[in-house]
Each structure stands twice: as C-alpha cells, then as structure tokens.
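This note's numbering numbers the first residue of the sequence shown as 316 and each following residue consecutively. Glycine included, each C-beta is placed from N, C-alpha and C at the ideal position. Since the structure comes first, as structure tokens, the remarks are kept for the end.
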Amino acid sequence: MTGKIIEIIKSGSISIPTILLTNYKKLKITDKELILIIYLINNTEFDPERISNDLELKVPEVLKMIDDLSKKDILKIKMTTGNVCEEKIILDELYNKIALLIINEKEEKQTTIYDKFEEEFARTLSPMEYEIIGAWLDNNFTEEIIEEALKEAIYNGVTNLRYIDKILSEWKKKGIKTKDDIKKSHEKHQKNIKKEVFEYDWLNEND
316 MTGKIIEIIK SGSISIPTIL LTNYKKLKIT DKELILIIYL INNTEFDPER
366 ISNDLELKVP EVLKMIDDLS KKDILKIKMT TGNVCEEKII LDELYNKIAL
416 LIINEKEEKQ TTIYDKFEEE FARTLSPMEY EIIGAWLDNN FTEEIIEEAL
466 KEAIYNGVTN LRYIDKILSE WKKKGIKTKD DIKKSHEKHQ KNIKKEVFEY
516 DWLNEND
C-alpha cells in the first residue's frame with residue numbers, strides 16, 4: 316500500500332506542497348526547511364550556489380539545512396554517473412514519510428455511530444433520525460450500547476429506530492450498560508429457558 320501511495324505522489328497526482336503544508340510539523344521540518352524542500356522537489360540538482368541565489372539564503376545556511384534534513388531522513392545526496400558526474404537530491408525518504416502519514420490518518424479516522432447506522436440501514440439517515448440518536452447519547456447511552464442495540468435489531472430483521480429505542484429502554488430498566496452486561500443477560504436468559512425445560516413435568520403434560 317505504501318509503495319502505491321509513493322507512486323501516486325511521485326506522479327504528481329497529489330499536490331506535494333499541500334501535503335507538506337498540512338503535515339510538515341509532524342515531520343519536525345522547520346518553516347525554512349519546508350521552503351527549501353518545495354524548491355528541491357522541482358530542482359533536484361545539488362548546487363548550493365544556485366539554491367543560495369534562488370532562495371536568497373547564504374551558502375552556509377543552505378548547507379546546514381541540507382545537512383539537518385539529511386539527519387532527519389528527509390533527503391539524501393547521491394552522485395549520479397554518466398557523461399557528467401552530478402550530485403542529486405534524492406527525496407524518496409520524504410515521499411515514504413508522507414505516504415505513512417496518509418495511511419496513519421486514514422487508519423485513525425474513526426467511524427461515527429451515525430456512519431454505522433447508515434451502513435446497516437444501507438441508506439442515509441433522516442434529520443429526525445440524527446436527532447433521535449443524538450438524544451440517546453445525551454441521555455447517557457454509550458455508543459457501545461447503542462451499537463449493540465442496533466446489532467440486536469438487525470439480527471431480528473428490524474431497521475427502524477423505534478424498535479431500537481424499545482431495546483435501549485428495556486436494557487436501561489434491567490441496568491444493562493455495557494456489552495458485557497448484555498452477554499450476561501443473554502446467558503441468564505438461556506439458563507432460565509433450560510431450567511424451565513428441565514423442570515417441566517412431561518409425564519403429567521396431558522393431565
């Protein structure tokens with residue numbers, strides 16, 4: 316996955332400056348280093364004098380910034396061989412770090428309880444339904460317990476909030492507040508059913 320994102324970044328499909336502007340501090344890049352990196356994306360030849368002139372920086376400052384970015388694993392300087400030997404700025408490490416940031420942001424993005432309802436109902440919730448779910452949250456029903464009530468309704472083939480509201484009301488009366496409480500309640504119910512079957516007087520059924 317990382318490799319694919321790196322390919323997209325290199326192809327120019329993603330605006331590198333935009334990504335850098337929103338994430339460069341996470342990479343511990345300074346404001347001046349950011350400007351230098353954006354410049355180097357389109358000018359990979361390592362020429363301190365030219366960089367100095369173009370960015371109006373002193374050569375020692377350019378060299379210091381290049382060295383700092385190298386230590387941060389943002390770039391490398393590589394000698395290319397051919398008709399003319401040249402030093403090139405290699406930004407593969409930068410692309411890799413940006414790719415990882417994108418992946419992590421996607422993984423960290425949490426699905427809301429509203430998203431889960433829309434996914435299970437296979438449709439967009441109405442404004443009224445949003446208000447009802449919001450009211451459950453305001454009445455101290457946790458997202459965990461609401462999601463479990465949703466699962467219970469789906470299991471029974473029902474996809475409306477009125478049914479789920481009844482489930483939540485019943486659970487509240489029984490003091491059920493967590494997923495573990497639901498499990499214990501189901502186990503207790505199953506034991507009661509087995510006990511009733513075991514104690515049933517089959518011999519006197521027709522009396």
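Nonlocal neighbours in the same chain, by C-beta distance under 7 Å from residue i, ignoring five residues either side
| i | result |
| --- | --- |
| E469 | Going by the sequence as given, residue 469 is Ile instead of Glu. Around I469: E435. |
| T439 | E433 |
| I404 | L355, T359, F361, L390, I392 |
For residue i, three-class secondary structure by DSSP
| i | result |
| --- | --- |
| T427 | coil |
| E579 | For the chain, the structure presents residues 316 to 522; residue 579 sits outside this window and is missing. |
| E360 | strand |
| K340 | coil |
| E420 | helix |
Burial state of residue i (16 or more Cβ within 10 Å)
| i | result |
| --- | --- |
| L452 | exposed |
| Y445 | exposed |
| E485 | exposed |
| L342 | buried |
| V512 | Unreliable placement is indicated for V512, whose pLDDT of 48 sits below 50; no coordinate value is reported for it. |
| Y354 | exposed |
| M380 | buried |
| E523 | Here the chain has residues from 316 to 522 only, and residue 523 is not among them. |
| E463 | buried |
| L336 | exposed |
Proximity of residue i and residue j at Cβ, strictly below 8 Å
| i | j | result |
| --- | --- | --- |
| E360 | E420 | no |
| K492 | I460 | yes |
| I497 | I413 | no |
Own chain partners of residue i with C-beta closer than 8 Å, once the 5 adjacent residues on each side are dropped
| i | result |
| --- | --- |
| T474 | E435, F436, A468 |
| L465 | K431, F432, E435, I479 |
| N338 | I413, L416 |
| K373 | S367 |
| L483 | W451, F456, I460, I461, A464 |
| N357 | none |
Counterpart residues of residue i in DSSP-defined beta bridges
| i | result |
| --- | --- |
| I405 | K391 |
Residue i at chain C interface by Cβ criterion, 8 Å
| i | result |
| --- | --- |
| P442 | The displayed structure is made up of one protein chain only, and chain C is not part of it. |
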